Amino acid sequence: MKQIKVFALSMLLVSAISCNTNKEKSYEVTSQKDTNGITYETVENDPTGLRLYTLDNGLKVYLSKNEDEPKIQTYIAVRAGSNYDPKESTGLAHYLEHMVFKGTHKVGTADWEKEKVYLEKISDLYEQHRTEEDPEKKKAIYQEIDKVSLEASNYSIANEYDKMTASLGATGTNAYTWFEQTVYTNKIPANEFNKWITLESERFSTLVLRLFHTELEAVFEEFNRGQDNDFRKRYAAMLDGLFPNHPYGQQTTIGTGQHLKNPSMVDIHNYFDKYYVPNNMAIVLVGDLDFDKTISKIKETFGKFEKKELTYPTLPKEEPITQPIVNEVFGPTSENISIAYRSGGVNTTDEKMVTLVDMIMANGNAGLIDLNLNQKQVVQYASCSPTFLNDYGYHTFTGSPKSGQSLDEVKDLLLEQVTKLKNGEFDEWMIGAVVNDLKLSETRQYENNSALADKYVEAFIYQQNWADRVKFLDDLKKVTKEELVAFANTFYQDNYVVTYKRKGEDKNIVKVENPGITPVNLNRDKSSEYILAFNKMESEELKPQFVDYKSAIKETKTANDIKVSYVLNEKNDLFDMNIIFDMGSDNDKKLSLAAGYLEYIGTDKYTNEELKKEFYKLGISYYVSTGRDKTYVGLNGLKENLPKGLELLEHLWDNAKADEDAYNKYVEKIYKERQDGKTQKGNILWNGLMNYGKYGEDSPLRDLMQIDELKAINPEELVALIKDMKNFKQRVFYYGKDVDNAVTALNKEHKIYGELKEYPVAKEYKETETGGNVFFTDYDMVQTEMLFLAKGDPFTPENMAASTLFNTYFGSGLSSIVFQEIRESKSLAYSAFASYQGASKKDSPNYVMAYVGTQANKLEQAVDAMMELMNDMPEADKQFQAAKESTLKKLAAQRITKSNIFWSYERLQKLGIDNDNREEMYNTIKNMTMEDLKAFFDKNIKGESYNVMVFGNKKDLDVKSLQKLGKIKELEVDYLFNYVDEKKVKS
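In terms of my numbering, the sequence shown opens at residue 915 and continues consecutively.
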């Protein structure tokens, strides 16, 4: 998996060196028995406290305890992914992942004996469809599949699995497939574990391929999303070059369009029967659990699964790459380049050495790429990251060009940094610093249940000895600079794959006709016998806990009377300090410009590069961040280094030195960011069109300084602005231990003189009324995306309970009304949702929002389906009760802890709320009825007037289908963002 780089946390260089002289830790593996007599393994000095069990049937169970919140992160992992797809059925493992949500012979059926007759017939038809070569006969078979599927749906019950997980209060119900794994995820309230494990053991006991052809269309929409993703295209081309024989490069996880349209239910069943067996699976649980009770219940359920003989396909070996391989892909997004070197896989020497090299090259602060390319602004952006899989790995370098710079120039600059590495042009202390950076980053990951569970999943999938994982970073400490340089000279040669992502038309796009699927029956009013019995199972009640912010957030003051709010860190020795100014870009447009500029300048004592190194030696990160109404000057890292870190930050703040050349490059960078940003789909829809839909022409997004205005600014003015910030009102939030030490450091280093100034008056942007408008932007893409937006009433706290329940029932999640109707029944989209969005500020309006992304030839149907739902909410009492139960259980299991205590209170105060209003929400939802929800819908959603934002390829759009939604106005991207070529400089 991609290495996540967190750049804050290495120790002092002296500490790093002294660590190597300490006695080495022992990582001995010990076998023990619990009170049930079940054997498990532990690793000495394992900070995660893992208990690793292997049941008699071969099932691996990873258990770790964390009581921060009454939840358990659950993963069920299968050691099989797209690598094992049959060559004639690529995409099978991923499609199977989707189908595992459809139920079993007990779950999701009203009458299994009748339903299975139709499913067998559908399977036979698909086999005929697959082999038929005559297009008309093939179409006729598909029409018969559609007909029989409708009949089968009389006996199926959609989303029963999702309804049951939702009833537990589960979040994150999902799954993912990659080369070597398929992993199923849930985060559950701890008190619901027994019900969850009972459900999961039933889920994996039998595969039933019901509602098959509608889900297949949803997967094809996912395939279309991939065709619209230039990053995925570049990545696939890179893998194809690295692995011309191995499935890593020859079989994408999503599969080919041809294979997706010609599936075999027989092949899918065979894959499930072969690989979904206990000796090829693991259950990973991290959270508030009882070890002995948990493993006993797993043995009682999954322990009954039958172990099977298992063989894996023999995958091809790759020949060494002896000369550069060149690929190129095309698409509408901005140009970039990647250079990738093939490596050994997990558990090899390559993994250790490439991990170290990667951080020496780019760690976000003091790496060769960081200092020589990003800080000097000689490219738009550059970085690198390693990936390690079972058979091979790869080290990828990526870069984006500045304006007027060619991709080959970026390539040469990246390779120049590799040459510097091979020449040993990095400081000796860097190895110790980056290992400690990784170590403390790991410490933060281990605090997070989901991140830790991910590590256990990786250990299982890649067959890693956990003791080796625990001591991995200790092994890195032993590597010398000489060894690393010698490795680099052997490893990094002309053995790379370079992939050019160029702007232009992609001539390999696969487009298909709308198959004309008949909507299947959802049968919301029906329930299987299994779910009826499941709902009768009782769990110990989990009581919600609410925060008394007044006591949870302590306060003190500095010597110069600045308020310091603080929450103690009771977990480790890390700190996070923020100096907060309640002003932002709405108060002064130049503030965010100045904050960004500070990243590229030095002081009278240090160059910019020297500053970055000094901070990295300390293991301290700093940042200056400006939003619309807030500016943060932040510092974080190891608490013992806080005084020196703050001293260095204050030195930069007080002594920053303007650099004309750095500023000119900074303006060029902003210009290129804008040019690149207007090619990015997400930015155009969710920033450009969304802001225009809300504000019209006078939006915060469009109210920007033009490039010629930026060029006219004297950088001295920006430096003065940063320095002058200290003279404005401010407050501090500190999360960590030893608050007295933090305040002492503030008193010494954070000098304030005289009375603090009030903030400049913020500009207000008026949100326009919505309705009768269709705003369209043309873009070269396969899908069409639509966003419906209606301005609602001003925010009131009283609406929060009803809107939360409404969103669960109606618009979000796998068992919501919108998902069921748009995707499950009609198969019109991969992604569709609707929500009532509360404002982020008191007196601001709420919004009703709906989204659908679909093929252009399904657009009219999708629009009609969505608007019908938005005006006539289906009332399904069973689904309402499940949504209500789910919402209450989520609230009961939610805990606001650590620094989130302060930040959640900040958000509430912005809304005019001075207490933890979740208690009021919980009690309100507990008493709500379907009639209450209907009343909320009728008042706030039904009949709303929408601005409709449409984003897609003009050539594929049916304009008539859009005209019925309102007056169409086509908006160019430059107009959306208010980018102009020339503008008179204001005097």
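Quick reminder that beta carbons are idealized off the backbone N, C-alpha and C, glycines included. For clarity, every value in this text was computed on a predicted model and none was experimentally measured.
(request) Look at the alpha carbon of Thr-935 and the alpha carbon of Val-1393, and state the distance between them as a whole number of angstroms. (result) Indexing the sequence shown from 1 puts residue 935 at position 21. Indexing the sequence shown from 1 puts residue 1393 at position 479. Here the model assigns Thr-935 a pLDDT of 42, short of 50, so the residue's position is not dependable, and the following value carries that caveat. So the two alpha carbons sit approximately 14 Å from each other.
(request) To the nearest angstrom, report how far apart Tyr-1723 and Ala-1796 are at their CA atoms. (result) Here residue 1723 is taken as the residue at index 809 of the sequence shown, counted from 1. Here residue 1796 is taken as the residue at index 882 of the sequence shown, counted from 1. The straight-line gap from Cα to Cα measures roughly 8 Å.
(message) Can you give me the C-alpha to C-alpha distance between Ser-932 and Lys-1531, rounded to a whole angstrom?
(response) Stepping through the sequence shown from its first residue, residue 932 is reached at position 18. Stepping through the sequence shown from its first residue, residue 1531 is reached at position 617. With a pLDDT of only 34 at Ser-932, under the threshold of 50, the placement of this residue in the model should not be trusted, and no figure is reported.
(request) Ignore the nearest five residues each way along the sequence and tell me which others in Gln-1734's own chain have a CB closer than 8 Å to its CB. (result) Numbered from 1 along the sequence shown, position 820 holds the residue referred to as residue 1734. Cβ within range, chain order: Ala-1072, Asn-1073, Leu-1436, Arg-1438.
(request) State the DSSP-derived secondary structure class of Lys-1640, mapped to helix, strand or coil. (result) In the sequence shown, the residue the question calls residue 1640 occupies position 726. Helix, per DSSP.
(message) Under DSSP, the alpha helix (DSSP H) around Asn-1241 begins and ends at which residues?
(response) As a position in the sequence shown, residue 1241 is number 327, starting the count at 1. That residue, Asn-1241, is in no alpha helix (DSSP H); its beta strand (DSSP E) goes 1239-1245.
(request) Starting from the N-terminal side, write out each stretch of the beta strand (DSSP E) that is 3 residues or longer and does not extend beyond the stretch 1780-1865. (result) Correct list: empty.
(message) Less than 9 Å between the beta carbons of Glu-1858 and Gly-1685, yes or no?
(response) Taking the first residue of the sequence shown as 1, we reach residue 1858 at position 944. Taking the first residue of the sequence shown as 1, we reach residue 1685 at position 771. Yes, these two residues count as a Cβ contact at 9 Å.
(message) If you measure between the beta carbons of Lys-1457 and Ala-1806, is that distance less than 9 Å?
(response) Your numbering for residue 1457 matches position 543 in the sequence shown. Your numbering for residue 1806 matches position 892 in the sequence shown. Yes, these two residues count as a Cβ contact at 9 Å.
(message) Less than 9 Å between the beta carbons of Leu-1328 and Gly-1313, yes or no?
(response) Looking up residue 1328 in the sequence shown gives position 414. Looking up residue 1313 in the sequence shown gives position 399. Yes, they are a contact pair.
(request) Report the partner residues of Leu-1199 according to the DSSP bridge assignment. (result) Taking the sequence shown and counting its residues from 1, the one referred to as residue 1199 is at position 285. For Leu-1199, which the question treats as bridged, DSSP gives the partners Leu-977, Thr-988.
(request) Would you grab the beta carbon distance between Ser-1442 and Ala-1024 for me? Rounded to a whole angstrom, and I think it's under 8 Å. (result) Within the sequence shown, residue 1442 is the residue found at index 528, counting from 1. Within the sequence shown, residue 1024 is the residue found at index 110, counting from 1. Going by Cβ atoms, the distance from Ser-1442 to Ala-1024 rounds to 7 Å, so yes, they are a contact pair.
(request) Can you check DSSP and say which residues form a bridge with Pro-1759? (result) Within the sequence shown, numbered from 1, the residue matching residue 1759 stands at position 845. Answer is Pro-1708, bridged to Pro-1759.
(request) Give a yes or no on contact between the stretch 1737-1748 and the stretch 1120-1133, applying the rule of three or more CB pairs nearer than 8 Å. (result) Inter-segment contact for the stretch 1737-1748 and the stretch 1120-1133 is present: three or more beta-carbon pairs are separated by less than 8 Å.
(message) Quick check on the DSSP output: the alpha helix (DSSP H) that includes Phe-1690 runs from which residue to which?
(response) What you label residue 1690 is simply residue 776 of the sequence shown in a count that begins at 1. Here Phe-1690 belongs to no alpha helix (DSSP H); instead the beta strand (DSSP E) covers 1687-1692.
(message) Could you tell me which whole beta strand (DSSP E) segments of length 3 or greater appear in the stretch 1017-1057?
(response) none
(request) Measure the CB-CB distance between Ala-1104 and Leu-1229 and report whether it falls below 9 Å. (result) Taking the first residue of the sequence shown as position 1, residue 1104 is located at position 190. Taking the first residue of the sequence shown as position 1, residue 1229 is located at position 315. No; because the gap between Cβ atoms is not below 9 Å, this pair is not in contact.
(message) I'd like the list of long-range same chain contacts for Thr-1167, defined as Cβ closer than 8 Å, with 5 residues on each side in sequence excluded.
(response) Mapped onto the sequence shown, residue 1167 falls at position 253. Around Thr-1167: Gly-995, Ser-996, Gly-1005, Ala-1007, His-1008, Thr-1091, Trp-1092, Phe-1093.
(request) Run through the stretch 1445-1486 for me and flag every whole beta strand (DSSP E) of 3 or more residues, listed as ranges in chain order. (result) The beta strand (DSSP E) runs of length 3 or more contained entirely in the stretch 1445-1486 are, from start to end of the chain, 1468-1471, 1477-1482.
(request) Could you check the C-alpha separation between Asn-1661 and Lys-1571 for me, to the nearest Å? (result) Along the sequence shown, one-based indexing puts residue 1661 at 747. Along the sequence shown, one-based indexing puts residue 1571 at 657. Using only the alpha carbons, I get a separation of about 24 Å.
(message) I want to know whether the stretch 962-977 touches the stretch 1182-1198 - three or more CB-CB distances under 8 Å.
(response) yes
(request) Measure how close the beta-carbons of Pro-1246 and Thr-1593 come, nearest whole angstrom, since I'm counting them as under 8 Å. (result) For this step, residue 1246 is matched to residue 332 along the sequence shown. For this step, residue 1593 is matched to residue 679 along the sequence shown. The Cβ separation is near 6 Å, so the contact holds.
(message) Can you tell me which residues form a DSSP beta bridge with Met-1491?
(response) The residue labelled residue 1491 in the question sits at position 577 within the sequence shown. Answer is Leu-1549, Tyr-1648.
(message) With DSSP as the reference, identify every bridge partner of Asn-1100, one or two as the case may be.
(response) In the sequence shown, counting from the first residue as 1, residue 1100 sits at position 186. Note: Asn-1100 sits in a beta bridge opposite Thr-988.
(request) Tell me whether Thr-1112 sits in a helix, a strand or coil according to DSSP, three-state version. (result) For the purposes of this step, residue 1112 is taken as residue 198 along the sequence shown, with counting starting at 1. Of the three classes helix, strand and coil, the one that applies to Thr-1112 here is helix, per DSSP.
(request) Give the DSSP-derived three-state secondary structure of Val-903 in the structure shown. (result) No statement about residue 903 is possible, as the shown extent of the chain runs from 915 to 1901 and does not include it.
(request) Could you tell me the distance, in whole angstroms, from the CA atom of Lys-1471 to the CA atom of Tyr-1667? (result) The sequence position of residue 1471 within the sequence shown is 557, counting from 1. The sequence position of residue 1667 within the sequence shown is 753, counting from 1. Taking the straight line joining both Cα atoms gives about 16 Å.
(message) Please return the same chain residues whose Cβ sits closer than 7 Å to the Cβ of Asn-1522, not counting the five positions on each side in sequence.
(response) In the sequence shown, residue 1522 corresponds to position 608, counting from 1. Contacts found: Gln-1289, Tyr-1514, Ile-1515, Gly-1516.
(request) Measure the C-alpha to C-alpha separation of Gln-1378 and Leu-1387 and round it to an integer number of angstroms. (result) Taking the first residue of the sequence shown as position 1, residue 1378 is located at position 464. Taking the first residue of the sequence shown as position 1, residue 1387 is located at position 473. Approximately 15 Å between the Cα atoms of the pair.
(request) Quick one: grab the DSSP three-state call for Thr-1087. (result) Translated into positions along the sequence shown, residue 1087 becomes position 173. Reduced to three states, the DSSP call for Thr-1087 is strand.
(request) Can you check DSSP and say which residues form a bridge with Glu-1884? (result) For this step, residue 1884 is matched to residue 970 along the sequence shown. Glu-1884 pairs with Phe-1690.
(request) Please check the pair Lys-1705 and Tyr-1761, which I expect to be a contact at CB under 8 Å, by giving their CB distance rounded to whole angstroms. (result) Within the sequence shown, the letter at position 791 stands for residue 1705. Within the sequence shown, the letter at position 847 stands for residue 1761. Confirmed, Cβ separation roughly 6 Å.
(request) Using 10 angstroms around the beta-carbon of Glu-1454, count the other beta-carbons present and answer buried if the total reaches 16, otherwise exposed. (result) On the sequence shown, position 540 is the one that residue 1454 refers to. Exposed, because fewer than 16 other Cβ atoms sit within 10 Å of the Cβ of Glu-1454.
(request) Report the rounded CA-to-CA distance for Asn-1837 versus Met-1781, giving the unit in angstroms. (result) As a first step, residue 1837 must be located in the sequence shown, where it is residue number 923. As a first step, residue 1781 must be located in the sequence shown, where it is residue number 867. Rounded to the nearest angstrom, the two C-alpha atoms are 32 Å apart.
(request) Specify the secondary structure class of Glu-1214 as computed by DSSP and reduced to three states. (result) Position 300 of the sequence shown holds residue 1214. Looking at Glu-1214 - three-state DSSP - the assignment turns out to be helix.
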